[in-house]
Amino acid sequence: MRFISEYRDAQAAQRYARLIQRIATRPWTLMEVCGGQTHAIVKFGIDEFLPEALTLVHGPGCPVCVTSVELIDKAIEIASRPDVIFCSFGDMLRVPGTKKDLLSAKANGGDVRIVYSPLDALRIAQENPSKEVVFFAVGFETTAPANAMAVYQAYQQNIRNFSMLVSHVLVPPAMEALLSSPHNRVQGFLAAGHVCTVMGYTEYEPIAKKYRVPIVVTGFEPLDILQGVYMCVRQLEEGRAEVENQYTRSVRREGNRVAQQLIREVFRVIPRKWRGMGEIPESGLGLQPRFAEYDAERRFGVAAHTVEESSECISGLILQGIKKPHECPAFGTRCTPEHPLGATMVSSEGACAAYYRYRRMPATARVIKGS
Amino acid sequence: MCLAVPGRIESISSDDPLWRTGRVNFGGIIKEVHLAYVPEANVGDYVIVHVGFAISTLDEQEAERVFEYLRQMDELKELESGTT
Amino acid sequence: MAEREDFMLSCPIPISEYPQVLLAHGGGGRLMHQLIEKIFGPAFKNPYLDERHDGAIVNFNGAKLAFTTDSYVVRPLFFPGGDIGKLAIYGTVNDLAMCGARPLFLSAGLILEEGLPMETLWRVVRSMQQAAELAGVQLVTGDTKVVDKGKGDGVFINTAGIGSIEHGVSILPKNVKPGDLILLNGDIGRHGIAVMAVREGLAFESEIESDSAPMNRLVLRLLDAGIAIHCLRDLTRGGLASALNEIAQAAGTGIAVEESAIPVRDDVQGACELLGLDPLYVANEGRFIAFVSPSDVERALELMRADDLGRNASLIGRVTEDRGGLVRLQSHIGANRILDMLSGEQLPRIC
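Line by line, the protein sequences are chains D, R and S.
For any residue, its number in our numbering is found by taking its place in the first sequence, counting from 1, and adding 11.
For any residue, its number in our numbering is found by taking its place in the second sequence, counting from 1, and adding 272.
For any residue, its number in our numbering is found by taking its place in the third sequence, counting from 1, and adding 618.
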C-alpha cells in the first residue's frame, strides 16, 4: 500500500537502527506519547532494534487507558437502558469500569454497537427515531474534529434523539503534569503525529523550553518511529531541547486551522479526570453551552456520579513511567489480559499487556530493561 | 491516539464546504470520507483519514524526507568515519 | 469415573470471573479455549477429544473414520462470495479434510427463526445443495426446528460429517516435529473482511469475496502423492495466528514464522489498516496450514500451486526445537515478537 509499505522497509529500518546505535553514547529515557506508536513498536518489534541503553516508556496516549472509571460506569449505565442504542469505537468495549465493561452490558441485553465514525452513530439516530442514540466520544485532539462535526450536523439537522458522552483529553497538559512530577525520568518525547496533524505543535514549544526536553513530532510507521527516536537522541546527545517535526508529510506547524475552528466552536477546555492520574486542570474538552442538549451526561442525569478507583490497580503509576508492570503485585496473577483490573492490561498496546506478552519470550531483556 | 490511514481521493461529492465528502481508495477498498477539513484536497490527492474524516492532505514531497534524511545521515557517518 | 464426579462438585471457571458467556467465548481465541479446557474437556474426557484436533479419528469394525461437527451463526446470512449454507457444508467438509479423510456423508440441523421468509430459506438450501455437489458429499440426514421470533438470527445451522481415512498417514498435532516446515495455501483475511464490508457501522465498498471453498480435493491430492504431512489445520475464526498457536500448544513445540512470507491482498490489507485489524487474526474459510516433512516441501508446493485453491501457496515458517508452545513472528522489518493467542475476538480500533 502506497505511503504505508515503504515505511516498513526492513533494510531502511536496519540502517536507522545502526545510526541510533552509533549516536547513543549513554543511557536515555524516552517516552512515546501515543498508544498508536506503542502499538507499532510492539507489533513490529521495533524496540529490538534499539540499543540496550535506550529505554522507551509507553506514555498515557491512549484513550482506553486514561478514560476515567466513572465515565465507563456512566457509559454502562446509559447503555443498559432499554430505550438506548449505545455506539462506541471498538477500543472501549473491554475497558473495565468499577465492576464490569461495555461488552458485559451488551451480554446483559444492552444495545451496544461498534461504529467506525461518529457520523455512523448520527445516521443510526436518524434511522431509529424512537430510540435515544448515544455516542461515546473518547479520544485525544485527533478525534475532536470528527466528534465536533457530528454534534454540529446533529444541531444543523435538528436531530433530537442523539447525544454524546464526552471524554476528550488533551495531550500538552498531560505532558506538563508528567514533567512537573518529582518522579519523572523521561528525558525526551516522541509527540503524537496525528494529534499534531490537527493541533499543530506550537503548544509544545514552551514545554520544551521550560523543562529542557527535546520533543519530536513523530508518525506511526516503523521508519517514522525510528527516525523520531534518532532525532530525539541526537538532540539529547547534542544538548538541545527543541521541538522538531519528523512527520512532515502530515504535520504542519500551525496544524489544521479549519479543524481547530470547529473544535473551538463546539467544545471548550475543561478540567478532566485521568484514570490513575487524577484531575488535571484544563486537560479535557466539554461541549459548549450552546450544544449542551447534546451532552449525554445531562440528558441521562448521570453527571453527579463519582467513584473511587480500585486501589489494587497501579496503572496510573505505570502510565507515568514511575513503576514497571512486573512491579505490580497483581500483575500476571489477579490481573491478566483475560481478566484485567485496569486499562493498561485491557488495551493491546497498554504497557501491562505488552509486558505480559513479552515476558514469556526467552531471553527477552528488551522491554524489561532497567529492572 | 490515532489510527489514521493514507488513501487516494477517487471522487468528490459536493462543493459545499461543510458537507463535502469523497470516495477514498485504501489499497483497493473504497470508503466514503468526510473532506470538510481538507478544503484544498482534490481528486488524485492522498489524504490521511481518521474515523471517516480526512485530517490532512499528504504532502508527497515531504513523504520522501524519511529516506532523504537516512541517506544524508548515512553519508555523514561515512564521511566522519573516513576522517578517523 | 472419579474425574467426572470431581467436575460435578464445582464449576471450574470461577463465577466471579465470567458469570455469563460472552461473545468472545466463541471468538476462536483464548477465552474459547478456556471454555474447552475447563468445561468441555474435563466433562467429556476421552482419548479422541484429548487430541484436540478438528475432527475425531475413530476405528470401528476395521474402518478408519473421521467424524466432526460444526455450527454456523454468521451474520449477515448472505455476504460477498457466500452465505451461511455454503459455509456450513464446506466448513464440515474441510474439517474432515484436515483429518486426511475423504468426506462422504453430512447431516444438517437447521434452527430457523419464526418469521424467516421462505424465499431466504430456499436460497440457503439451494446453496447447500450446490456446495455439497461441488464438494462431492451427500447430505443424508437432517433436522429442522423453529424458535420464537427474536430468539435466533434468521438461520443457525449445525452440520456433522463422516469421512473415510484411506491412507496410512496419521495427521494429528502430536505428530508435528521440530524441523517440519509450514505451508499455507493462499492469501489470508478475505472471509472476515468480506463479512465486515457488509456489516452495519463498518461497511465499505469492496470487491473482496469470502474465500469459502472445499479443500478436500487439494488435501487428498497431496496425500495421494505421498507427501509426508504430519498435521493439517484449517484457518477459521481467530485466523492464522490462532491456528498456529493451537498446533504449537497441542504439539508442545515452538513455531517460527515470517510475516513477509504470508500473502495478504492489497485490498484486504487496506481494510485492515482502516479498521485497525491485524490480518493474522482475521477469519478465513478456504485456507489451511500443513506441517510437512522438509524433504517433501518442494513437491508439496508444486502440487498446491497447480491447484485453483493453492495458487498463492507459500512456505511461511517452521517448527522449532524449543518446547514452549509459543509462536514467534519475524515482522516485516526483521525484528521478532511473540504472536499471541487473542483473548477474545479482534475488535476494530481507532487508537
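By construction, the Cβ of each residue, glycine as well, lies at the ideal position given by its N, Cα and C atoms.
Keep in mind the model is a prediction, meaning the values are calculated, not measured.
Close Cβ partners of residue i (< 6 angstroms) along its chain, the five nearest in sequence each way excluded
i	result
D/V206	F151, E152, T153 and V182
S/A846	S911 and D914
D/F60	A28
S/L919	A931
Proximity test, Cβ basis, 9 angstroms: residue i and chain R
i	result
S/I968	yes
S/A815	yes
S/L730	no
D/N267	yes
S/G894	yes
S/S600	Lying before the first or after the last residue shown, residue 600 of chain S is absent from chain S, which here runs from 619 to 969.
D/Y305	no
S/S725	no
S/E891	yes
D/Q238	yes
Limits of the beta strand (DSSP E) - the one that residue i falls within
i	result
D/K284	F278 to W285
R/I281	V277 to I284
S/A778	V773 to S782
S/S689	A681 to Y690
Closer than 8 angstroms at the beta carbon, the chain D residues around residue i
i	result
S/G888	M12
Residue range of the alpha helix (DSSP H) that includes residue i
i	result
S/E916	V915 to R923
D/K117	L113 to A118
D/V224	Counting along the chain, D/V224 falls outside any alpha helix (DSSP H), and DSSP gives it neither H nor E.
D/F55	G46 to F55
S/C959	Note that residue 959 of chain S corresponds to Met in the displayed sequence, not to Cys. From DSSP, S/M959 is part of no alpha helix (DSSP H); its letter is neither H nor E.
D/G297	D/G297 -> not in any alpha helix (DSSP H); beta strand (DSSP E) instead, spanning G289 to L298.
S/S745	M736 to A753
D/S326	S326 to L330
D/F354	Inspection of the sequence shows that residue 354 of chain D is occupied by Ala rather than by Phe. Residues A354 to V357.
Within-9 angstroms CB hit, residue i to chain D
i	result
S/D829	no
S/L858	no
S/R808	no
S/S932	no
R/D331	yes
S/S824	no
S/A642	yes
R/E282	no
R/V417	Chain R is shown from 273 up to 356; residue 417 of chain R falls before or after that span and cannot be answered.
Closer than 9 angstroms to chain S by CB, residue i
i	result
D/Q25	yes
D/K380	Because D/K380 carries a pLDDT of 34, less than 50, the predicted location of this residue cannot be relied on, and no value is offered for it.
R/G300	yes
D/G150	yes
D/T154	yes
D/Y366	no
D/K142	no
D/N139	no
D/R105	yes
Anticipated Cβ contact below 8 angstroms, residue i with residue j, distance rounded
i	j	result
S/M736	S/G703	About 15 angstroms separates the two Cβ atoms, so there is no contact after all.
D/V277	D/L298	7 angstroms
S/V875	S/P897	Actually they are not in contact, since the Cβ atoms of S/V875 and S/P897 sit about 13 angstroms apart, beyond 8 angstroms.
D/L133	D/A161	5 angstroms
Under 8 angstroms by beta carbon: chain R residues contacting residue i
i	result
D/L30	L342, M345, D346 and K349
D/A157	H306, H322, V323, G324 and F325
Within chain D, partners of residue i - CB distance below 7 angstroms
i	result
R/I320	T208 and S261
R/S328	T208, S261 and N267
R/A335	F14 and R260
Neighbouring residues, chain S, relative to residue i (Cβ below 9 angstroms)
i	result
D/K54	D896, S949 and R955
Cβ-based neighbour list, residue i, same chain, cut-off 7 angstroms, excluding 5 preceding and 5 following
i	result
S/E864	R851
D/I325	K334 and C339
S/S824	A815, D885 and A889
Neighbour list for residue i in chain D, Cβ cutoff strictly below 9 angstroms
i	result
S/R648	P348 and E349
Chain R residues whose Cβ lies nearer than 9 angstroms to that of residue i
i	result
S/D885	F298, G299, G300 and I301
D/R301	Per Cβ cutoff of 9 angstroms: no residues; D/R301 is ~17 angstroms from chain R at best.
D/M160	L290, H306, A308, Y309 and F325
D/F3	Chain D is shown from 12 up to 382; residue 3 of chain D falls before or after that span and cannot be answered.
Beta-carbon neighbours of residue i, restricted to chain S and to distances below 7 angstroms
i	result
R/V277	E891 and L892
8 angstroms Cβ cut-off: residues of chain S touching residue i
i	result
R/V323	I968
D/E17	The contacting residues do not exist; D/E17 stays about 11 angstroms from chain S at best.
D/G287	Per Cβ cutoff of 8 angstroms: no residues; D/G287 is ~17 angstroms from chain S at best.
D/L130	Going along chain S, no residue has its Cβ under 8 angstroms from D/L130, so there is no contact; the nearest lies around 11 angstroms.
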